[in-house]
Amino acid sequence: MSVQVPRGLGIERIAVAGVLALTVITIFFALRAAHGSGPVYKPADPTVAAAKPDPATVAHRQGRELFTECAVCHGKKAEGDKKQNAPALSLQEDWYIVRQLQKFKEGVRGTDPKDIGGVQMQPRAMALADADMQVVADYIVSLADGGVQPPPRTVDGDAGRGKALFAICAACHGMDGSGNPVLNAPSLTGQHDWYLVAQLMNFRTGLRGAHPKDITGAAMVPMALALGDPQAVNDVAAYIVTLPITRPQAAPDAAATAVEAASTPPPATVAPPPEPELDAELVAQGKTLFQTKICFTCHQIDPKVPSPAGTALKAPGFIGQFWGIEREVQVGINGPVEKVVMNEEYFMESVEKPMAKIVKGAVPGMAPLPTTLDERKALMAYVKSLSAEP
Ligand code: HEC
Ligand code: HEC
Ligand code: HEC
451 MSVQVPRGLG
461 IERIAVAGVL
471 ALTVITIFFA
481 LRAAHGSGPV
491 YKPADPTVAA
501 AKPDPATVAH
511 RQGRELFTEC
521 AVCHGKKAEG
531 DKKQNAPALS
541 LQEDWYIVRQ
551 LQKFKEGVRG
561 TDPKDIGGVQ
571 MQPRAMALAD
581 ADMQVVADYI
591 VSLADGGVQP
601 PPRTVDGDAG
611 RGKALFAICA
621 ACHGMDGSGN
631 PVLNAPSLTG
641 QHDWYLVAQL
651 MNFRTGLRGA
661 HPKDITGAAM
671 VPMALALGDP
681 QAVNDVAAYI
691 VTLPITRPQA
701 APDAAATAVE
711 AASTPPPATV
721 APPPEPELDA
731 ELVAQGKTLF
741 QTKICFTCHQ
751 IDPKVPSPAG
761 TALKAPGFIG
771 QFWGIEREVQ
781 VGINGPVEKV
791 VMNEEYFMES
801 VEKPMAKIVK
811 GAVPGMAPLP
821 TTLDERKALM
831 AYVKSLSAEP
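If you use our numbering, the sequence shown corresponds to residues 451 to 840, in order.
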């Protein structure tokens, strides 16, 4: 199987990266604005302050203590250790570390006996109290301050070939591999090549990302499969380790809020669904959801505003007349080709089970974003309203 890799010119790639960065920044400020300007800061009473230790210092000390156990496998500076199968953690953002710890603890990752690395890690997360996860993650993030060394190369791969393959990965992990919290994609830079290969193989064989509760991991499965032969896995890893080490600069609360927006379903509305099908209010709700559920990052709705992740995945745009129009889809990844009409049933299925039918020629990369039935109805009303009349 071969992958269609967009052979972008340098300029195109830079433009795509720029737009992606702008998107993230825009979301960050939009969410910031939505959350207000934060708590009002009151100067502390100096007499009281002198008596109480700084809570940040306490948490840091607590984190250091918790980390002594992790350091046995992950290394003192969280630089990773091949002998223990343990990856570098030092360049990850806190949201990703906490999310993976939760996955291990809940048995969503690392329970299959064939998953040698995962099985080593899983009981460690079981032993961590939920409240300690953030504390240890914050401590790990602080370790990178001293500078991180690029890991040695251990994998035999063609970085040049890997670079072309990485165009698909860049849609979510960024051109520089520094990750994108809005798309739940972790940083890949500074990671050991043997660990990148091991995880890509885990995604391919179903050891990772196949658990029904692993919503963010599921997005990676088709990507790892799209690489094709195992040599391509080595090639892409060989390229990733050539990327300059970047410490993502996004403010921690931006990451946290963005992830929250992408994964937490808003509280259910009590109001009964409105009667008319294209009710203006429902369309307006859908328009907001199209932003908060990050549909806009892949589906272009304005010919003048590109959707960077969608370009690499060849996600269809919602432009011109598309409602009621026939398209060819594959039933399941690499399944038989069928014709379907864009209608309510197909729309609902596309959002709920994106891998059930895959638009022919597109990368099966649509994330199964959690949505409620009411949200899907609102999204549908909005998307339908974008279609031109026949
Ligand atoms: C016995 C060795 C061992 C110990 C102790 C250990 N880990 Fe791990 N950890 C691993 C291994 C091995 C993996 C790779 C799992 C895999 O292959 O899927 C891992 C993976 C992880 C990951 C996922 C990283 C990623 O990029 O997806 C996180 C986060 C993590 N460990 C955090 C911790 C923390 C925090 C502690 C201490 C509380 C800890 N680990 C203790 C061995 C260990
Ligand atoms: C549609 C978005 C998307 C695309 C495209 C994508 N990824 Fe990912 N990737 C993710 C997400 C989300 C995760 C985190 C999965 C999880 O939460 O367990 C991830 C995780 C990973 C991991 C595991 C990192 C770790 O620390 O354990 C590797 C390695 C990886 N991706 C490599 C790639 C490569 C190589 C490509 C291109 C062939 C690629 N990804 C394309 C979304 C994507
Ligand atoms: C990470 C990129 C990505 C995100 C985010 C995303 N999609 Fe998609 N979507 C795709 C890709 C790629 C396809 C084509 C492959 C397929 O059919 O699965 C697709 C297909 C679709 C289709 C079928 C389109 C057609 O023309 O046949 C619909 C409908 C759809 N998406 C709706 C949504 C909605 C609504 C959201 C937000 C909740 C969303 N998508 C979020 C990438 C994405």
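Glycine is no exception: its CB is placed at the ideal position from the N, C-alpha and C atoms.
Since this is a predicted model, take the numbers as computed values, not measurements.
query	result
Stretch-stretch touch, CB-based, cutoff 8 Å, three pairs: the region 683 to 693 with the region 599 to 610	yes
Check: glycine 774 C-beta below 7 Å from any heavy atom of ligand 4	Ligand 4 is not among the ligands present in this structure, which contains only ligand 1, ligand 2 and ligand 3.
The region 626 to 643 / the region 539 to 559 touching (three or more Cβ pairs under 8 Å)	yes
For aspartate 588 and glutamate 515, the rounded distance between their alpha carbons	12 Å
Ligand 2 heavy atom lying under 7 Å from the CB of proline 601	no
Beta-bridge pairing of glutamate 776 - partner residues as DSSP gives them	Val791
Exposed unless 16 or more other CB atoms sit within 10 angstroms - verdict on aspartate 752	exposed
Per DSSP, cross-strand counterpart(s) of aspartate 531	Ala536
Distance between glycine 513 and valine 586 (C-alpha atoms, nearest Å)	4 Å
Spatial neighbours of glutamate 529 in its chain, beta-carbon cut-off 8 Å, leaving aside the 5 residues before and after	Ala538, Ser540, Val598, Gln599, Pro601
Chain C within 8 Å of valine 686, Cβ atoms only	Here there is only one protein chain, and chain C is not present.
Uninterrupted alpha helix (DSSP H) stretches inside the region 539 to 578 (no shorter than 4 residues)	544 to 555, 566 to 576
Limits of the unbroken beta strand (DSSP E) element including isoleucine 590	No beta strand (DSSP E) holds isoleucine 590; the alpha helix (DSSP H) holding it covers 580 to 593.
Residues bridged to lysine 807 (per DSSP)	Val781
Short Cβ contact (8 Å threshold) for alanine 676 with isoleucine 744	no
Cβ-heavy atom distance, histidine 623 to ligand 2, below 7 Å	yes
Distance CB(arginine 697)-CB(aspartate 643) smaller than 8 Å	no
DSSP three-state assignment for aspartate 608, whether helix, strand or coil	coil
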